[in-house]
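In this note's numbering, the protein residues as written are 3 to 184.
Written out below as structure tokens is the structure these notes cover.
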């Protein structure tokens with residue numbers, strides 16, 4: 003029995019998709035009718051070669067036998083995360099995690115599929131993309147204002163504005179120190 007991950011370390015151990023993904027692939031292949039002869043071998047090899055690696059730097063995906071595709075994506079490049087699941091996926095307890103970057107493409111840069119822990123993975127990725135540390139520590143430059151603002155629905159915007167304010171203040175101070183007296 004596969005248990006749901008309870009910590010970041012458990013996310014780091016995920017690599018192969020859940021067997022429910024193979025069931026989903028079988029159902030999709032059957033929907034192609036006579037095309038099942040061509041689609042089923044492709045999906046079989048896709049399922050058996052699909053591997054993900056989650057580490058401190060980012061996500062790595064590898065799939066394929068004849069044509070290998072590898073995607074390496076750092077957490078800092080992640081711009082947005084979407085969950086998508088159809089009726090059959092929901093019935094099997096699966097969802098696709100679509101990860102978008104600032105690459106200019108409308109399509110997802112990486113799609114993580116085949117994990118029943120999709121909600122936990124999404125939360126893990128959100129935490130990593132926002133720069134929090136795995137040990138549950140806060141950001142190094144987090145002030146009490148930011149901590150108090152976290153209860154506000156606009157906390158992310160407030161934190162960003164406070165960071166901009168602090169950087170502008172530092173820039174102004176360094177410019178005033180380097181300017182010769184008039």
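C-beta: ideal position from N, C-alpha, C; glycine also.
C-beta contact flag for residue i and residue j at 8 Å
{"i": "residue 67", "j": "residue 103", "result": "no"}
{"i": "residue 77", "j": "residue 159", "result": "no"}
{"i": "residue 113", "j": "residue 99", "result": "yes"}
{"i": "residue 23", "j": "residue 127", "result": "no"}
Backbone CA spacing between residue i and residue j [nearest angstrom]
{"i": "residue 33", "j": "residue 106", "result": "33 Å"}
{"i": "residue 47", "j": "residue 115", "result": "15 Å"}
{"i": "residue 92", "j": "residue 171", "result": "50 Å"}
{"i": "residue 121", "j": "residue 88", "result": "15 Å"}
{"i": "residue 83", "j": "residue 75", "result": "13 Å"}
{"i": "residue 193", "j": "residue 181", "result": "In this structure the chain extends from 3 to 184, so residue 193 is not present and cannot be described."}
{"i": "residue 21", "j": "residue 175", "result": "58 Å"}
{"i": "residue 111", "j": "residue 65", "result": "14 Å"}
{"i": "residue 63", "j": "residue 13", "result": "14 Å"}
{"i": "residue 157", "j": "residue 109", "result": "28 Å"}
{"i": "residue 61", "j": "residue 70", "result": "17 Å"}
{"i": "residue 1", "j": "residue 117", "result": "Nothing in the structure corresponds to residue 1, since the chain is present only between 3 and 184."}
{"i": "residue 173", "j": "residue 59", "result": "30 Å"}
{"i": "residue 30", "j": "residue 49", "result": "13 Å"}
{"i": "residue 44", "j": "residue 169", "result": "52 Å"}
{"i": "residue 36", "j": "residue 25", "result": "18 Å"}
{"i": "residue 164", "j": "residue 133", "result": "16 Å"}
{"i": "residue 85", "j": "residue 179", "result": "50 Å"}
{"i": "residue 2", "j": "residue 42", "result": "Shown here, the chain extends from 3 to 184; a query on residue 2 therefore has no answer."}
{"i": "residue 148", "j": "residue 90", "result": "With a pLDDT of 44 at residue 148, under the threshold of 50, the predicted position of this residue should be treated as unreliable, and no value is reported."}
Outcome for residue i when other beta-carbon atoms lying within 10 angstroms are tallied against a minimum of 16
{"i": "residue 27", "result": "buried"}
{"i": "residue 119", "result": "buried"}
{"i": "residue 166", "result": "exposed"}
{"i": "residue 39", "result": "exposed"}
{"i": "residue 162", "result": "exposed"}
{"i": "residue 177", "result": "exposed"}
{"i": "residue 94", "result": "buried"}
Count Cβ pairs between the stretch 49-58 and the stretch 10-20 that sit closer than 8 Å; are there 3 or more?
yes
Could you give the uninterrupted runs of the beta strand (DSSP E) lying entirely in the stretch 34-96, keeping only those of 3 residues or more?
53-56, 60-65, 71-76, 80-86
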